[in-house]
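Just below is one structure, and these are the notes that go with it.
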Amino acid sequence: MGSTQSVSAEIEIQAPPAAVRAVFLDFQRYKQWSQGWALELKEPGKSPLDLKDGDQIQVNMRGMKFKPVIKENTFEALHWIGSLPGIFTGRHQFYFKSSLENPAATRFIQVEEFSGLLAFLMGPGWSFREKTLAGWNEFNADLKKEVERRQS
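Letter by letter, the sequence shown follows residues 103 to 254 of the numbering used here.
Here you go:
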C-alpha cells in the first residue's frame, strides 16, 4: 500500500482564532491577498461557514487543482481529504488554536497526512515535499499579513 508521510507548517498570527478563521473562510477574497491559493465552493449560495462533512470544494494551490471532500469544519479546525484512491491520498488539516505564548494570538497550523503508493514523494529529502512546504509557508505568511492588516 505504500508509506505514510506527514508534513506540517505553522505560524503565529497576532489576532484571535475567530478572526483568523474568518479570513481563512472568506474564499471570495483570496485573490486579493493570497499569492497562489484559491478555494471555491462547489454549491452556489453556500457559505464556507456552512461546509460540513461530505461537501466538496475546489482548490487551486499554485496550479495544482483538485476537489477535496470536507471532513470537518469547526471553530478550531477545517479538514479535507483529496485522493487518487490507492495511489495518493492526503488528509489536509488546518487548525486555529490559541497561542501558547500570547492568549490574544493564534497558532495557525497546517498538517497533511499522505498515504498510498506515491506517499513516499512527501518524505524528507524529496523536492515535492520541499515545494509543498514552501507553498504552505508562503500561504501562512500571506494569511498572517491579511489578518493582521484587517485587525489594525
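We put the CB at the ideal spot given by N, CA and C, even for glycine.
Computed from a prediction, not measured in an experiment: that's the story for all the values here.
Three-state secondary structure (DSSP) of ALA179: ALA179: strand per DSSP, three-state reduction.
Nearest neighbour of GLN253, chosen from SER105, VAL122, ALA111, GLU114 [CA to CA]: Comparing Cα-Cα distances from GLN253 to each of SER105, VAL122, ALA111, GLU114, the minimum goes to VAL122.
Cβ contact (3+ pairs, closer than 8 Å) linking the stretch 214-222 and the stretch 184-198: Cβ pair count under 8 Å is three or more, so yes.
Selected residue, minimal CA-CA separation from GLN195, among ALA117, GLN116, PHE126: The shortest CA-to-CA distance from GLN195 to any of ALA117, GLN116, PHE126 is the one to PHE126.
Cross-strand partners of VAL122 (DSSP beta bridge): Under DSSP, no beta-bridge partner is assigned to VAL122.
Euclidean distance between Cα positions of ARG251 and LYS199: Those two C-alpha atoms are separated by around 19 Å.
ASN204 burial status per 10 Å Cβ neighbour count (16 or more: buried): So ASN204 ends up on the exposed side.
Buried or exposed (CB count within 10 angstroms, at least 16 for buried), MET166: When all chains shown are included, MET166 counts as exposed.
Start and end residues, alpha helix (DSSP H) containing GLY237: Following the DSSP letters along the chain, one finds GLY237 inside the alpha helix (DSSP H) bounded by residues 229-253.
LYS259 (DSSP reduced to helix, strand or coil): Nothing in the structure corresponds to residue 259, since the chain is present only between 103 and 254.
Bridge-paired residues (DSSP) for LYS167: LYS167 has ASN162 as its beta-bridge partners, per DSSP.
Buried or exposed by the 16-neighbour rule on C-beta atoms within 10 Å, applied to ALA207: Classified as buried, ALA207 has 16 or more neighbouring CB atoms from the shown chains inside 10 Å of its CB.
One or two residues paired with GLU114 in a DSSP bridge: Looking at the DSSP assignment, GLU114 forms a beta bridge with ARG209.
Cβ pair count under 8 Å reaching 3, the stretch 232-246 against the stretch 109-120: Contact between the stretch 232-246 and the stretch 109-120 is present, because at least three Cβ pairs lie under 8 Å.
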